[in-house]
Structures are given as structure tokens and as C-alpha cells.
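These notes concern the structure reproduced below.
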Amino acid sequence: MTIAPDAGRARGPYHRPSGPLSSRLRISRSRIAVTDHAHTHSTPSDDLAAAFQIEGWPVRGRLVRLGETIDAILSAHAYPEPVAALLGEACALAALIGSSLKFEGRLIVQAQGNGPVRYVVADYGTDGSMRGYCRFEADEVAAASQGFARPGAKTLLGEGVFVMTLDRGPDFERTQGITPIEGESLSLAAEHYFQQSEQIPTKVRLAVGSVETAAGSQWRAGGALIQLIAG
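Residue numbers (the working numbering): 570 to 800.
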């Protein structure tokens with residue numbers, strides 16, 4: 570997946586086959602290692618990234634599920650729930666896109682603005698490592714959260730930019746794409762990014778929440794990305 574903002578327009582018309590959908594779903598999977606900013610632990614069974622493509626249809630996509638990974642990151646700080654959820658979405662998005670890279674390096678997802686959350690950053694390594702952090706003003710977050718079950722990214726970040734950075738190591742220049750934050754969620758900001766940078770119709774969905782387990786309350790996150798590609 571190209572991260573460069575000038576990645577060039579996908580050429581050729583889109584083709585949709587006629588008749589009933591009877592294509593097989595091809596899926597490839599990879600595991601994600603657990604990190605809590607500095608340490609890597611054993612690979613858990615509930616962290617998973619999977620790519621899929623529907624044969625005969627110009628559609629490709631990826632799915633990601635984060636269990637211990639996201640719980641370790643979000644539990645490392647006593648973030649307010651809206652801030653933790655925003656960081657969880659950023660981490661899921663970074664894993665969703667970063668797990669598709671075909672070379673060693675890092676994919677960094679960042680959003681920054683003039684709202685209660687000054688910035689949120691998620692850093693995914695192609696070795697499966699991940700870290701995330703953010704900066705915010707607690708009193709402003711509390712004020713912005715009034716009347717919301719969970720305020721969205723636009724409410725928390727305000728006016729600002731959505732940034733994706735591809736770091737291939739010291740021997741390469743970083744590649745960075747920047748677009749304005751559009752929509753109330755990071756999902757919509759990512760969709761706008763792909764539309765502007767790659768001109769590829771893209772849908773992104775992200776989800777973050779806590780679940781009750783035998784060990785107590787734990788964070789979980791997931792995401793899905795689907796793209797219509799040139800046929």
C-alpha cells in the first residue's frame with residue numbers, strides 16, 4: 570500500500586462482474602506482537618491481522634483485531650475514557666495499514682489539532698511491535714465530553730491535520746502524507762486521506778471498547794479496511 574501523498578491515480582475503469590456473487594474469499598493472516606512502549610512479550614492468540622480479496626471482484630481489504638496489545642498500551646496510562654478510545658482507534662488504524670507493508674519499517678499514524686487532545690500518535694513496526702501515546706488537557710476533555718456518550722475525533726482534536734508517515738529506516742527518507750481532519754471520526758479522516766492521496770475509494774471502520782474477563786476489565790480494538798481497486 571502506497572503511503573506517499575502523490576501516489577498517482579489508479580488507472581483503468583472499475584469492473585463489476587454480472588450474475589450472483591459466488592466468489593471465494595482469500596485470506597492471509599499474520600500475528601502482532603505485544604508491546605507496552607518498550608517491551609515485547611509473547612504473541613497472544615487474540616491479536617491478529619488478516620488480508621482478504623474477493624476473487625472475481627475488484628475488492629481488497631484487511632481486518633485487524635487487537636487484544637493484549639491494545640490493553641497493554643491503554644492500561645499503561647490513566648487516560649480519560651474518550652482519550653483512551655481515540656488512541657485505541659489510532660492504534661487499530663496503524664496496525665490495519667502497517668500490517669500490509671511488504672518491507673521492514675514503521676508506519677506512523679498521527680492526528681494533531683487545536684482541540685482538547687493536542688495530538689495522538691500510533692507507531693506500528695513491521696516486526697509486529699506497536700506503541701501509542703497522546704497529549705491532552707484533562708479539563709478541556711471533560712468539558713468537551715459533556716453531552717456525549719463518547720465524543721468523536723473531530724470534537725477532541727478540533728481543527729488540524731491527519732498524517733501518515735512511512736519510515737523505512739536510516740537509509741531512506743521518510744515518506745509523509747498530510748490531509749486536513751475531515752469528519753467526526755478517525756475512520757472518516759483515514760477515508761479522506763486515501764481519497765486525496767491515492768484516489769482509491771476506501772471504507773474504514775474502527776472500534777474500541779472494554780470487555781469483562783476473568784482477569785478484570787480489558788481493552789479491545791479492531792478495524793476493517795476495504796478498497797475498490799482498478800479492474
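Even for Gly, the Cβ is constructed at its ideal location relative to N, Cα and C.
If you reduce the DSSP assignment to three classes, tell me which class residue i lands in.
{"i": "Glu781", "result": "strand"}
{"i": "Ala707", "result": "helix"}
{"i": "Tyr762", "result": "helix"}
{"i": "Lys772", "result": "strand"}
{"i": "Ala718", "result": "coil"}
{"i": "Ile795", "result": "strand"}
{"i": "Gly729", "result": "strand"}
{"i": "Asp615", "result": "coil"}
{"i": "Leu757", "result": "helix"}
{"i": "Leu643", "result": "helix"}
{"i": "Thr748", "result": "strand"}
{"i": "Leu676", "result": "strand"}
{"i": "Gly697", "result": "coil"}
Could you tell me how far apart the beta carbons of residue i and residue j are, in whole angstroms, since I believe they sit closer than 8 Å?
{"i": "Ala653", "j": "Leu662", "result": "Their Cβ separation, rounded to whole angstroms, is 15 Å, which puts Ala653 and Leu662 out of contact at 8 Å."}
{"i": "Gly729", "j": "Gly682", "result": "2 Å"}
{"i": "Asp736", "j": "Gly674", "result": "5 Å"}
{"i": "Arg774", "j": "Gly792", "result": "6 Å"}
{"i": "Leu655", "j": "Val678", "result": "Leu655 to Val678, Cβ: 12 Å. No contact."}
{"i": "Ala680", "j": "Ala659", "result": "7 Å"}
Roughly how many angstroms separate the alpha carbons of residue i and residue j, rounded to a whole number?
{"i": "Arg743", "j": "Ala783", "result": "43 Å"}
{"i": "Ser779", "j": "Gln787", "result": "5 Å"}
{"i": "Ile798", "j": "Val732", "result": "23 Å"}
{"i": "Gln764", "j": "Thr771", "result": "7 Å"}
{"i": "Leu726", "j": "Arg687", "result": "6 Å"}
{"i": "Asp692", "j": "Ala664", "result": "8 Å"}
{"i": "Glu781", "j": "Ala758", "result": "30 Å"}
{"i": "Gly746", "j": "His761", "result": "12 Å"}
{"i": "Leu699", "j": "Ala641", "result": "The question names Leu, yet the displayed sequence has Met at residue 699. Whole-angstrom Cα-Cα distance: 10 Å."}
{"i": "Ala711", "j": "Tyr648", "result": "12 Å"}
{"i": "Glu637", "j": "Leu617", "result": "11 Å"}
{"i": "Pro651", "j": "Pro720", "result": "7 Å"}
{"i": "Leu794", "j": "Phe741", "result": "27 Å"}
{"i": "Ala713", "j": "Gly625", "result": "47 Å"}
{"i": "Arg789", "j": "Val777", "result": "6 Å"}
{"i": "Ala620", "j": "Arg629", "result": "8 Å"}
{"i": "Ile769", "j": "Asp615", "result": "30 Å"}
{"i": "Ile623", "j": "Gln796", "result": "11 Å"}
{"i": "Gly536", "j": "Ile639", "result": "The structure shown has nothing for residue 536, since the chain only spans 570 to 800."}
{"i": "Leu676", "j": "Leu755", "result": "16 Å"}
Exposed or buried, what is residue i when buried is set at 16 or more other beta-carbons lying within 10 Å of its beta-carbon?
{"i": "Lys723", "result": "buried"}
{"i": "Phe533", "result": "Outside the shown range of the chain, which is 570 to 800, sits residue 533, and nothing can be said about it."}
{"i": "Glu706", "result": "exposed"}
{"i": "Gln715", "result": "exposed"}
{"i": "Pro739", "result": "exposed"}
{"i": "Pro685", "result": "buried"}
{"i": "Arg704", "result": "exposed"}
{"i": "Glu767", "result": "buried"}
{"i": "Gly694", "result": "buried"}
{"i": "Gly785", "result": "exposed"}
Is the shortest distance between the beta-carbon of residue i and the beta-carbons of chain C less than 8 Å?
{"i": "Gly630", "result": "Any reference to chain C falls outside this structure, which holds one protein chain only."}
Q | Meets three-Cβ-pair contact criterion under 8 Å: the stretch 659–677 and the stretch 615–635 | A | yes
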